[in-house]
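Participant:
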Amino acid sequence: MLNLGILISGRGSNMESILKSIKKKKIPINPAVIISNKSDAKGLGIAKKLGVAVEVIESKGFKGSRTEYDKKIIKVLTKYKVTPKNGLVCLAGFMRIVSPEFVKKYRNRIINIHPALLPAFPGLNSQKQALDYGAKVSGCSVHFVDAGMDTGPVIIQAVVKVDEKDTEKTLSKKILKEEHRIYPEAVSLFARKKIKVSGRRTKIS
Ligand code: GRF
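What follows is the structure in structure tokens.
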């Protein structure tokens, strides 16, 4: 079975939805470790309650380069056997850009959830970006992580209607509900080896 490492920075609700799906035996993957770059991330408590190992690699005040920081992550992932051979790394609200070295080492084995329909509204505050733009629909995307910002091949997307009365808060809530549905689904597809990547396109079997 594959080993899963989830990287978080805060609330951890996507992490929770994945871990709960695993517990319900919906995903054949071993939840090996949760890594946070912040010691006060709320998600750490949730992971502990669910009986999953947690590690903190504090990024605040870290003096080294991005590559050096990611080396620490790779070391912990390796300790928990989340390797480029039999591991999957999920970024779930992990508020750091990962280094090209990390991406290269775990090629097509790092995935992320983004709260917009990529390639629209990459980066931060995507829900606000969608509202400010006047988009009539938005949503969320699970995608492979490459060296760019939210640019890797898309695995699954879900669409959410933007209502005239939507605020950043209400739109975020609607999108989050879909995130919690499609992220475990994407992890399940990966664990079952159902995703093939060919250039920018993924094929789901
Ligand atoms: C989610 O909206 C996710 O799409 C984005 O950051 C947020 C993280 O929320 N990347 P949570 O920590 O999973 O609750």
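Each residue of the sequence shown is one higher than the last, beginning at 935 in my numbering. Beta carbons are placed, not taken as given, at the ideal position from N, Cα and C, and that holds for glycine. The model shown is predicted, which means the values in this text are computed figures rather than measured ones.
#1: Near A1092, which residues of its chain fall below 6 Å by C-beta distance, leaving aside the five closest residues on each side in sequence?
#2: Going straight from the alpha carbon of A1125 to that of S955, what length do you get?
#3: So is the beta-carbon of G1068 under 6 Å away from any non-hydrogen atom of ligand 1?
#4: Reducing DSSP to helix, strand and coil, say where K1128 ends up.
#5: Expressed to the nearest angstrom, what Euclidean distance is found between the alpha-carbon atoms of V1076 and I1031?
#6: Using only the alpha-carbon positions, how far apart do G1057 and P962 sit?
#7: Rounding to the nearest angstrom, what Cα-Cα distance links G995 and L941 in this structure?
#8: Would a C-beta distance cut-off of 7 Å place V1079 and I1129 closer than the cut-off?
#9: In whole angstroms, what is the alpha-carbon distance linking A987 and E1119?
#10: So is the beta-carbon of I1047 under 6 Å away from any non-hydrogen atom of ligand 1?
Facilitator: Concretely, from the data shown:
#1: Here the question's residue 1092 lines up with position 158 in the sequence shown. So the list reads G1073, C1074, E1112 and I1116, once near-sequence residues are dropped.
#2: Counting from one through the sequence shown, the residue named residue 1125 turns up at place 191. Counting from one through the sequence shown, the residue named residue 955 turns up at place 21. Whole-angstrom Cα-Cα distance: 13 Å.
#3: In the sequence shown, counting from the first residue as 1, residue 1068 sits at position 134. G1068 Cβ: outside cutoff for every heavy atom of ligand 1.
#4: Taking the first residue of the sequence shown as 1, we reach residue 1128 at position 194. Three-state result, K1128: coil.
#5: Against the sequence shown, residue 1076 aligns to sequence position 142. Against the sequence shown, residue 1031 aligns to sequence position 97. Their Cα atoms are separated by approximately 16 Å.
#6: Here residue 1057 refers to the residue found at position 123 when the sequence shown is read from its first residue. Here residue 962 refers to the residue found at position 28 when the sequence shown is read from its first residue. If you draw a straight line from the Cα of G1057 to the Cα of P962, it comes to about 31 Å.
#7: Taking the sequence shown and counting its residues from 1, the one referred to as residue 995 is at position 61. Taking the sequence shown and counting its residues from 1, the one referred to as residue 941 is at position 7. G995 and L941 have their alpha carbons spaced roughly 19 Å apart.
#8: For the purposes of this step, residue 1079 is identified with residue 145 of the sequence shown, where counting begins at 1. For the purposes of this step, residue 1129 is identified with residue 195 of the sequence shown, where counting begins at 1. Their beta carbons are not under 7 Å apart, which means V1079 does not touch I1129 by this criterion.
#9: The sequence position of residue 987 within the sequence shown is 53, counting from 1. The sequence position of residue 1119 within the sequence shown is 185, counting from 1. The straight-line gap from Cα to Cα measures roughly 22 Å.
#10: Taking the sequence shown and counting its residues from 1, one reaches residue 1047 at position 113. True, at least one ligand heavy atom lies under 6 Å from that Cβ.
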